[in-house]
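For the sequence shown, position 49 (counting from the first letter as 1) is numbered 331 according to this note's numbering, and the numbering increases by one without interruption. C-beta atoms are modelled at their ideal positions from N, C-alpha and C, and glycine is treated no differently. From a predicted model like this one, the values you see are computed outputs, not experimental measurements.
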Amino acid sequence: MRIIGIDLDEVLAEFLEGMCVFHNERFGTALSKSDFFTYEFWKVWNCTKDEHIKRVHMFQETDLFRNLRVCEGAAGGINALKDDGFELFVITSRHKATERQTREWVQQNFPGAFKDVLFSNNFSLDNSSSLRKSELCKLVGASVLLEDQLGYAEDCAEKNIQVILFDKPWNKRDLDGVKRVFSWDEAAKEIKKMRF
Ligand SMILES: [Mg+2]
Numbered sequence: 283m284r285i286i287g288i289d290l291d292e293v294l295a296e297f298l299e300g301m302c303v304f305h306n307e308r309f310g311t312a313l314s315k316s317d318f319f320t321y322e323f324w325k326v327w328n329c330t331k332d333e334h335i336k337r338v339h340m341f342q343e344t345d346l347f348r349n350l351r352v353c354e355g356a357a358g359g360i361n362a363l364k365d366d367g368f369e370l371f372v373i374t375s376r377h378k379a380t381e382r383q384t385r386e387w388v389q390q391n392f393p394g395a396f397k398d399v400l401f402s403n404n405f406s407l408d409n410s411s412s413l414r415k416s417e418l419c420k421l422v423g424a425s426v427l428l429e430d431q432l433g434y435a436e437d438c439a440e441k442n443i444q445v446i447l448f449d450k451p452w453n454k455r456d457l458d459g460v461k462r463v464f465s466w467d468e469a470a471k472e473i474k475k476m477r478f
């Protein structure tokens, strides 16, 4: 079976877009997606890492979070991969406290498309244990990961998982074994060229 892991935020869901709306309303900022030169939000918000975790958790309790927009091209891309017979898993770094909302969002926006949703449980408030994305890929037998974060891309590439990285302002460094793409169309084409 040809199995693919697919990241959620910024690959399927416009997390940062919703987060900016929340943060601007709640904290009086005037930020937009293009202000995020890094995905380490505390560096953009000028706050501590702990404060950033609190703010993200606050956002994750809102309707904005439950209704994130689907990334451009993602619906077509996922359909193309399904039609080609791939088995798909969502592999997200989200913490477990978001599990219900996350599963509902995936089911609502991509009904029946994914075999399961796996959580690496990063940035939890209770400091519960987390897993690496490479471990989650191995767990389900995924040999490819679609991702936007360099850290997760690097972790998987080192474990011989092929990585397709969606180009974003926060991931401008090139890595060995990581293929950069600029759209979902391009991602689907690259996957077809890959050996499984
Ligand atoms: Mg992401």
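If you drop the 5 nearest sequence neighbours on each side, which residues of the same chain put their C-beta closer than 8 Å to that of S411? Within the same chain, S411 has close Cβ partners N403.
For a test of the three-state rule: what should DSSP assign to A295, helix, strand or coil? strand
Report the option in N361, I360 and V338 whose CA atom is closest to the CA atom of T380. The residue with the shortest Cα to Cα distance from T380 is V338.
First through last residue of the beta strand (DSSP E) which encompasses G287: I285 to I288
Contact shell at 6 Å, judged by CB to any heavy atom of ligand 1, ordered along the chain: D289, D291, E292, V293, D430 and Q431
Within 10 angstroms of the Cβ of L427, are there 16 or more other Cβ atoms? Answer buried if so, exposed if not. buried
Mark S416 as exposed unless 16 or more other C-beta atoms lie within 10 angstroms of its C-beta, in which case mark it buried. buried
DSSP-derived helix/strand/coil call for L432: In the three-state scheme derived from DSSP, where H, G and I count as helix and E and B as strand, L432 is classed as helix.
Residue burial classification, D289 (beta-carbon count within 10 angstroms, cutoff 16): buried
Please name the residue in L350, F448 and R376 whose C-alpha comes closest to that of F401. Nearest C-alpha to F401: R376.
F297 versus R351, K471 and M340, residue with shortest Cα-Cα distance: Checking every option, the nearest Cα to that of F297 belongs to R351.
Exposed or buried, which one is G394 when buried takes at least 16 other CB atoms within 10 Å? exposed
Cβ neighbour criterion (16 or more within 10 Å) applied to A312: That one is exposed.
List, from N- to C-terminal side, the beta strand (DSSP E) runs of 3 residues or more that fit wholly inside the region 326–376. 369–374
Pick helix, strand or coil for F318, following the three-state DSSP scheme. Coil, per DSSP.
Between the C-alpha atoms of T344 and E307, what's the straight-line distance to the nearest angstrom? 12 Å
Give the single residue among F478, E472 and D449 whose Cα lies nearest to the Cα of E292. Restricting attention to F478, E472 and D449, the CA atom closest to the CA of E292 is found in D449.
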